Amino acid sequence: MNRLYYGDNLDVLRRHVEDASVDLVYLDPPFNSNASYNVLFAEKSGKQAASQIKAFDDTWRWDEGAARAFQEIVEGGGRVSQVMQAFRSFLGDTDMLAYLAMMAPRLVELRRALKPTGSIYLHCDPTASHYLKMLLDAVFGPEHFLNEIVWKRTSGHNDATRRFGDVTDIIFFYSNGQDYTFNVQYLSL
């Protein structure tokens, strides 16, 4: 394919990506960190410039858009509908449910796009990893869960004074079928 698309990945997946055409997905979505992120520019010397452009807000709100996304996924039926309804029963109409309502249709589309031999790696942090694991189980089936990779950073992102610092991310590895491709790693991590 060798194309780069700019825009909402859900729209791109639905309009431009054929069924069973993708070998591997690495997904590093917003983490629901409740933070704003900027594009930082550097001077020719490599020093950080004062100028910045807002890239995106990793903040989700339960609003009309989230409610529409939730309703669309529920109307699709099946396990994904059931788990989303369970999330709503447990979480209520919260910001976390808004985040999951954004993620669910994208995961469904990614599964559609994956070849039967394909696999997906979803990178997230502990803020929502437990919910995303359940959503991935609903989309791919728990039998296609292969690994939870815990990635330890060299240091925490904050100076936590009332709890332990955040030093790990999570990467979930799922297959789309039993005949997935996996290349054995011969060097230790």
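Per this note's numbering, residue -17 is the first one in the sequence shown, and the count goes up by one each step. Every residue, glycine too, gets a C-beta built ideally from N, C-alpha and C. Predicted, not measured: the structure shown is a model, and the values here were computed from it.
Option in the options with minimal Cα separation from residue i
{"i": "V7", "options": "R(-4), L82 and I102", "result": "I102"}
{"i": "L96", "options": "V4, D75 and L118", "result": "V4"}
{"i": "S137", "options": "E130, I131, N129 and D148", "result": "D148"}
{"i": "D(-10)", "options": "N(-16), R88 and E54", "result": "R88"}
{"i": "E125", "options": "S111, D161, A142 and P108", "result": "D161"}
{"i": "W44", "options": "L73, N165 and L169", "result": "L73"}
{"i": "P209", "options": "M84, V62, Y168 and F122", "result": "Any answer about residue 209 is impossible in this case: the structure gives the chain only from -17 up to 171."}
{"i": "I131", "options": "C106, A120 and T143", "result": "C106"}
{"i": "T177", "options": "L128, R144, E91 and G47", "result": "Since the first and last residues shown for the chain are -17 and 171, residue 177 lies out of range."}
Integer Cβ distance of residue i from residue j, believed to fall under 8 Å
{"i": "L118", "j": "A86", "result": "That pair is no contact at about 10 Å."}
{"i": "L104", "j": "F69", "result": "That pair is no contact at about 17 Å."}
Run of the alpha helix (DSSP H) containing residue i, from where it starts to where it stops
{"i": "L73", "result": "G60 to L73"}
{"i": "N(-9)", "result": "N(-9) to H(-2)"}
{"i": "V90", "result": "D77 to A95"}
{"i": "F122", "result": "S111 to F122"}
With 16 other Cβ atoms within 10 Å as the buried cut-off, status of residue i
{"i": "W42", "result": "buried"}
{"i": "G100", "result": "buried"}
{"i": "F38", "result": "Reliability of the predicted coordinates at F38 is poor, the pLDDT of 48 falling under 50, and no value is obtained from them."}
{"i": "F164", "result": "exposed"}
{"i": "L82", "result": "buried"}
Beta-bridge partners of residue i, as assigned by DSSP
{"i": "L9", "result": "L104"}
{"i": "F52", "result": "None, per the DSSP bridge assignment."}
Extent of the continuous beta strand (DSSP E) run through residue i
{"i": "F154", "result": "T150 to S157"}
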